[in-house]
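Under full-length UniProt numbering, the sequence shown has 137 at position 137, and the numbering climbs by one with no breaks. Glycine included, each C-beta is placed from N, C-alpha and C at the ideal position. Note that the structure is predicted; figures quoted are calculated from it, not measured.
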Amino acid sequence: MKNKLRRVSRRTASSSRWLYRHVNDPFVKKAKVEQYRSRAAYKLLEINKKFNLIREGSVVLDLGSAPGGWSQVIANTLNGTGRVIAVDLADMESIPGVEVVKLDIELQRKELYEYIGGVELDVIVSDLAPSASGSRATDSISSIRLAELVLQYAKSSLKKFGAVVIKILRGSEDEYRFVNLLKKEFKKVEYFKPDASRKASREIYLILLSKLT
1 MKNKLRRVSR RTASSSRWLY RHVNDPFVKK AKVEQYRSRA AYKLLEINKK
51 FNLIREGSVV LDLGSAPGGW SQVIANTLNG TGRVIAVDLA DMESIPGVEV
101 VKLDIELQRK ELYEYIGGVE LDVIVSDLAP SASGSRATDS ISSIRLAELV
151 LQYAKSSLKK FGAVVIKILR GSEDEYRFVN LLKKEFKKVE YFKPDASRKA
201 SREIYLILLS KLT
């Protein structure tokens, strides 16, 4: 019973620390003022400012889109041009200029390919993350598995010279195997950690530039 109480106490303390950090996070405050659905919007804004991946007229696939912060950034950047396809299994409220598709990107690949309709994509962005398991190693491996799914979509639907943004969690030997695989598919592969990523977070973004075929 005492051990159980200690575990509950630790979880409560951890939740309190997270809530305090979240409420006082400058990017959370900024997102509220600028009406972005999540602080993650600033990660994509910084990525796009540095790499200029998304431009007016681009056709963009946003995987793991809910609650919609990245989709908002993409739609604002396209400014009424191009196409944004936002995909997530979770519910996501509509955004002007964004096609919201609710499905499982792993189990319903055929349905997503059919929805895209053979259109070649200019950019794929993925902020997908695995559910936390409590094991850093397991979570890192799971993030690579999700990244491999994104790569499959890139191989089949991304046009030549297209670009991809993929989030992974560092800490797995699989990361290096995966990055070496990416280097065979793209001219350039870069690591990038936006300022909006929390310093303690193991997340980092792989920026894949200029698909080779």
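Close beta carbons around proline 130, own chain, < 7 Å, minus the five adjacent residues each side:
Within the sequence shown, residue 130 is the residue found at index 130, counting from 1. If we look at proline 130 and ignore the five residues flanking it on each side, its Cβ neighbours are Asp139, Ser142, Ser143 and Leu146.
Would you say leucine 151 faces chain D, with C-beta separation under 9 Å as the test?
Looking for chain D here will not work: only one protein chain is present.
Given serine 170, which residues of its chain have a CB within under 7 Å of its CB, disregarding the five upstream and five downstream residues?
To locate residue 170, count along the sequence shown from 1; it is residue 170. According to the sequence as given, residue 170 is arginine; it is not serine. Closer than 7 Å at the Cβ level, and outside the excluded window around arginine 170, lie Ser140, Arg202 and Ile204.
Quick one: what's arginine 83 bridged to in DSSP?
Sequence index remark: in the sequence shown, residue 83 carries index 83 (1-based). According to the DSSP secondary-structure assignment, arginine 83 is paired through a beta bridge with Val59.
Let's see if you can read the secondary structure: which residues bound the alpha helix (DSSP H) around tyrosine 176?
On the sequence shown, position 176 is the one that residue 176 refers to. Unbroken alpha helix (DSSP H) run through tyrosine 176: 174-182.
Out of curiosity, what's the CA-to-CA distance linking glutamate 185 and lysine 211?
Here the question's residue 185 lines up with position 185 in the sequence shown. Here the question's residue 211 lines up with position 211 in the sequence shown. Their Cα atoms are separated by approximately 6 Å.
Considering only DSSP beta bridges, list what aspartate 88 is partnered with.
In the sequence shown, counting from the first residue as 1, residue 88 sits at position 88. Partner(s): Lys102.
Within 10 angstroms of its Cβ, does lysine 167 collect 16 or more other Cβ (buried), or is it exposed?
As a working note, residue 167 is residue 167 in the sequence shown. The residue is buried, with at least 16 neighbouring Cβ atoms inside 10 Å.
If valine 100 and alanine 86 are in contact, beta carbons under 8 Å, what's the gap, nearest whole angstrom?
Taking the first residue of the sequence shown as 1, we reach residue 100 at position 100. Taking the first residue of the sequence shown as 1, we reach residue 86 at position 86. At roughly 5 Å, the Cβ-Cβ gap stays under 8 Å, so valine 100 and alanine 86 are in contact.
Residue range of the alpha helix (DSSP H) that arginine 30 falls in?
If you number the sequence shown from 1, residue 30 lands on position 30. First, the residue type needs correcting, since residue 30 is lysine and not arginine in the sequence shown. Per DSSP, lysine 30 belongs to the alpha helix (DSSP H) from 26-34.
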